[in-house]
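Student: Before we start, here is the structure in question, set down as structure tokens.
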Amino acid sequence: MLKSYSKAVEYFENGVVVYPTDTVYGIGCVFDNDSSVKRIYDLKNRDHSKALPLLISDISQLRMLTDDVSESARKLMDVFWPGALTLVFNHNGHVSDLITAGKPTVAVRMPDNPDLRAVIDKLGKPIIGTSANLSGEPSITSYRDAAKRFAGTADMVINGKCHDNIPSTIVDVTDECPVIIRRGSITEDEIEKVINERACKMKIAIGSDHRGSTLRNSLIDHLVSLKCEVIDCGTSADHPVDYPVIARDVAERVQNGSVDYGILICGTGLGMSIASNKFKGIRAALCNSTFMAERARLHNNANILCLGAEFDVDQNAIVDVFIKQEYEGGRHQKRLDMIASFEK
Ligand code: RB5
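For this note's numbering, add 48 to where a residue sits in the sequence shown, where the first one is 1.
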């Protein structure tokens, strides 16, 4: 750690520090020192209705701020942290209103700057990581400009270099389908590639007999949380229904292209798969593991996923894999053409 950084620990604890990050110069203090946080608003001339982002050194510090980390957020963190990506999470109530501006969310980033992370690590808690400029003015990227602007007002200005000179990209991950709220050095394409937008835009018909209705209801909630459009083809658990009736409804929707995929559930999944495979163009696959779901899409280009409600398996995970996995094509297509040639 550089000498200036090792001295910074105390200043971050008790005062306000202006410091270089991997993106632009930041201004900060520990996140739980209200009087220093107030000084930051004053020094930046920042409106109190605007929240302040936080910087962390590792994932254990994220747990101090939020209990709500979606699957998409995890993927983005894996790829882009440490780095120029700020993620907006639902906070867990342990972040002061001063920082969140009374909102239910908190913006967090892990900077790609080992010296700075070592300081945050020593502090054992997040720091404020807002840009060190007056509100409305351009970001500061050099020590010279930072010192000119904040000498005599901040308690310490650290001399160092920013690499990107561009503010971070900000993505709201409070929902399963993330939303970019500020463009920065990480592009929209890079973000989309990682979170795989595919799952969010699907239209899915789902049906079950009486034995599958509890699972169907919970899968509908899961699919809606993934931003899929769901067509519920019934049925309720109240009275027995013949599964071929439901299989036909879903199969015909897949057949005529009004939905991307179908999901059919009965006790074992067997009746649903046998019935729906009678329909031309339908490739229904009974899957009771994520491996089967992956292969069903990759090799068989399955268009209906059949599930057995009586299997004690992670059905959400099976659905996730099925709807996200692309068909591999190539050598498999010849075989699918053969199957199609059997259809009368
Ligand atoms: C209904 O009793 C049961 O046969 C059905 O849910 C399914 O398991 C059929 O394959």
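Cβ atoms here follow ideal geometry from the backbone N, Cα and C, with glycine treated the same way.
#1: May I ask you to check if the CB of Cys335 is nearer than 8 Å to at least one heavy atom of the ligand RB5?
#2: Tell me which same chain residues have a C-beta within less than 8 Å of the C-beta of Arg165, skipping the five on either side of it?
#3: Determine the contact status of Val219 and Leu124, defining contact as a CB-CB distance below 9 Å.
#4: Please go through the segment 290-316 and give each complete beta strand (DSSP E) segment of 3 or more residues, from N-terminal end onward.
#5: Got a sec, what are the start and stop residues for the alpha helix (DSSP H) Leu263 sits in?
#6: With distances taken Cα to Cα, identify the nearest neighbour of Val57 among Pro226, Gly172, Gly232 and Ala333.
#7: State yes or no: is the C-beta of Ile254 within less than 9 Å of the C-beta of Leu267?
#8: Exposed or buried, what is Asn93 when buried is set at 16 or more other beta-carbons lying within 10 Å of its beta-carbon?
#9: Does the beta-carbon distance from Thr235 to Thr134 come in below 9 Å?
#10: Counting beta carbon pairs with one atom in the segment 78-93 and one in the segment 219-231, are three or more of them shorter than 8 Å?
#11: Quick check: the Cα distance between Asp308 and Val221, rounded to an integer number of angstroms?
#12: How close, in whole Å, do the beta carbons of Leu113 and Pro174 come, if the pair is a contact with beta carbons under 8 Å?
#13: Here's the rule I'm using: 16 or more other beta-carbon atoms within 10 Å means buried, otherwise exposed. How should Pro101 be labelled?
#14: Could you tell me the distance, in whole angstroms, from the CA atom of Lys392 to the CA atom of Glu224?
#15: May I ask you to list the residues that DSSP assigns as paired with Lys251?
#16: DSSP on Asn213, reduced to helix/strand/coil?
#17: Using the C-alpha atoms, what's the distance from Phe60 back to Gly76?
#18: With the ligand RB5 as the reference, list in chain order each residue whose Cβ lies under 6 Å from any of its heavy atoms.
#19: Go ahead and pull the three-state DSSP assignment for Ser84.
#20: Ordered along the chain, which non-local residues of its own chain (more than five positions away) have a Cβ less than 7 Å from that of Asp203?
#21: From the DSSP output, read off the bridge partner residues of Asn138.
#22: Would you grab the beta carbon distance between Leu353 and Ala341 for me? Rounded to a whole angstrom, and I think it's under 8 Å.
#23: Once you ignore the five residues that flank Lys209 on each side, which residues in its own chain have a CB closer than 7 Å to its CB?
#24: Which residue wins for smallest C-alpha separation from Pro15, given the options Arg197, Ala199, His139 and Glu119?
#25: Looking at the structure shown, is Gly319 part of a helix, part of a strand, or coil, going by DSSP?
#26: With distances taken from CA atoms, which of Ile214, Lys98 and Glu238 is nearest Ser183?
#27: I'd like to know whether the C-beta atoms of Ala155 and Thr71 end up nearer to each other than 9 Å.
#28: Kindly list the residues whose CB is nearer than 6 Å to the CB of His380, restricted to its own chain and excluding five residues on each side of it in sequence; keep chain order.
#29: Hey, quick one: how far does the alpha helix (DSSP H) through Leu124 stretch, first residue to last?
#30: Do Gly260 and Ile313 have their CB atoms nearer than 9 Å?
#31: Excluding the 5 residues flanking Pro288 on each side, which residues of the same chain have their C-beta closer than 8 Å to its C-beta?
#32: Along the alpha helix (DSSP H) that carries Tyr73, what are the first and last residues, could you check?
#33: Going along the chain, which residues of its own chain have a beta-carbon closer than 6 Å to the beta-carbon of Val136, five neighbours each way excluded?
#34: Which class does Asp286 belong to by DSSP, given the choice of helix, strand or coil?
#35: On a CA-only basis, which of Gly232, Gly378, Phe198 and Ala195 is nearest Asn213? Give me that one, please.
Tutor: In short:
#1: For the purposes of this step, residue 335 is taken as residue 287 along the sequence shown, with counting starting at 1. The answer is no for Cys335.
#2: Within the sequence shown, numbered from 1, the residue matching residue 165 stands at position 117. Excluding sequence neighbours, Arg165 sits near Ser105, Asp106, Pro130, Met158 and Pro159.
#3: As a working mapping, residue 219 is identified with position 171 in the sequence shown. As a working mapping, residue 124 is identified with position 76 in the sequence shown. With respect to Leu124, Val219 sits close: the two C-beta atoms are nearer than 9 Å.
#4: If we require 3 residues or more, the beta strand (DSSP E) runs fully inside the segment 290-316 come out as 309-314.
#5: Translated into the one-based positions of the sequence shown, residue 263 becomes position 215. Start and end: Ser261 to Ser273.
#6: Taking the sequence shown and counting its residues from 1, one reaches residue 57 at position 9. Minimum Cα distance to Val57 is reached at Gly172.
#7: In the sequence shown, counting from the first residue as 1, residue 254 sits at position 206. In the sequence shown, counting from the first residue as 1, residue 267 sits at position 219. In this structure, Leu267 lies closer than 9 Å to Ile254 by Cβ.
#8: As a position in the sequence shown, residue 93 is number 45, starting the count at 1. So Asn93 counts as exposed.
#9: Counting from one through the sequence shown, the residue named residue 235 turns up at place 187. Counting from one through the sequence shown, the residue named residue 134 turns up at place 86. No; because the gap between Cβ atoms is not below 9 Å, this pair is not in contact.
#10: Cβ pair count under 8 Å is below three, so no.
#11: Mapped onto the sequence shown, residue 308 falls at position 260. Mapped onto the sequence shown, residue 221 falls at position 173. In this model, Asp308 and Val221 are separated by some 25 Å (Cα to Cα).
#12: Here residue 113 corresponds to residue number 65 of the sequence shown, with the count starting at 1. Here residue 174 corresponds to residue number 126 of the sequence shown, with the count starting at 1. The Cβ separation is near 7 Å, so the contact holds.
#13: What you label residue 101 is simply residue 53 of the sequence shown in a count that begins at 1. Around the beta carbon of Pro101, a 10 Å sphere encloses 16 or more other beta carbons of the protein chains shown; the residue is thus reported as buried.
#14: What you label residue 392 is simply residue 344 of the sequence shown in a count that begins at 1. What you label residue 224 is simply residue 176 of the sequence shown in a count that begins at 1. Going from the Cα of Lys392 to the Cα of Glu224 covers about 42 Å.
#15: Your numbering for residue 251 matches position 203 in the sequence shown. In DSSP, Lys251 forms a bridge with Glu277.
#16: Locating residue 213 in the sequence shown gives position 165, where the first residue counts as 1. Coil at Asn213, not helix or strand.
#17: As a position in the sequence shown, residue 76 is number 28, starting the count at 1. As a position in the sequence shown, residue 60 is number 12, starting the count at 1. About 7 Å.
#18: Here the residues come out as Asp257, Arg259, Tyr291, Cys314, Gly315, Thr316, Leu318 and Gly319.
#19: In the sequence shown, counting from the first residue as 1, residue 84 sits at position 36. It is helical.
#20: Numbered from 1 along the sequence shown, position 155 holds the residue referred to as residue 203. Within its own chain, the residues whose Cβ lies closer than 7 Å to the Cβ of Asp203, once the five positions on either side in sequence are excluded, are Tyr59, Gly63, Val64 and Val65, listed in chain order.
#21: Position 90 of the sequence shown, counted from the first residue, corresponds to residue 138. Beta bridge pairing from DSSP links Asn138 with Thr153.
#22: One-based indexing of the sequence shown puts residue 353 at position 305. One-based indexing of the sequence shown puts residue 341 at position 293. Between Leu353 and Ala341, the beta carbon gap of about 7 Å places them in contact (Cβ cut-off 8 Å).
#23: For this step, residue 209 is matched to residue 161 along the sequence shown. Cβ within range, chain order: Pro68.
#24: The structure shown does not extend to residue 15, since the chain is modelled only from 49 to 392, so the question has no answer here.
#25: As a working note, residue 319 is residue 271 in the sequence shown. Taken through DSSP and simplified to helix, strand or coil, Gly319 comes out as helix.
#26: Sequence index remark: in the sequence shown, residue 183 carries index 135 (1-based). Looking at the Cα atoms, Lys98 is the closest of the given residues.
#27: Numbered from 1 along the sequence shown, position 107 holds the residue referred to as residue 155. Numbered from 1 along the sequence shown, position 23 holds the residue referred to as residue 71. No, they are not a contact pair.
#28: Locating residue 380 in the sequence shown gives position 332, where the first residue counts as 1. Only His347 meet the Cβ criterion.
#29: The residue you call residue 124 lines up with position 76 of the sequence shown. Looking at the DSSP string, the run of the alpha helix (DSSP H) that includes Leu124 is Glu119 to Phe128.
#30: Residue 260 sits at position 212 when you count from the first residue of the sequence shown. Residue 313 sits at position 265 when you count from the first residue of the sequence shown. Cβ distance < 9 Å, so Gly260 and Ile313 count as in contact.
#31: Locating residue 288 in the sequence shown gives position 240, counting from the first residue. Asp257 and His258.
#32: As a working note, residue 73 is residue 25 in the sequence shown. First-last for Tyr73: Tyr73 to Gly76, but that is the beta strand (DSSP E), not the alpha helix (DSSP H).
#33: Your numbering for residue 136 matches position 88 in the sequence shown. Setting aside the 5 residues that flank it on each side, Val136 is surrounded in the same chain by Thr153, Ala155 and Asp220, each with a C-beta closer than 6 Å to its C-beta; the list follows chain order.
#34: The sequence position of residue 286 within the sequence shown is 238, counting from 1. Coil, per DSSP.
#35: On the sequence shown, position 165 is the one that residue 213 refers to. Considering only alpha carbons, the answer is Gly232.
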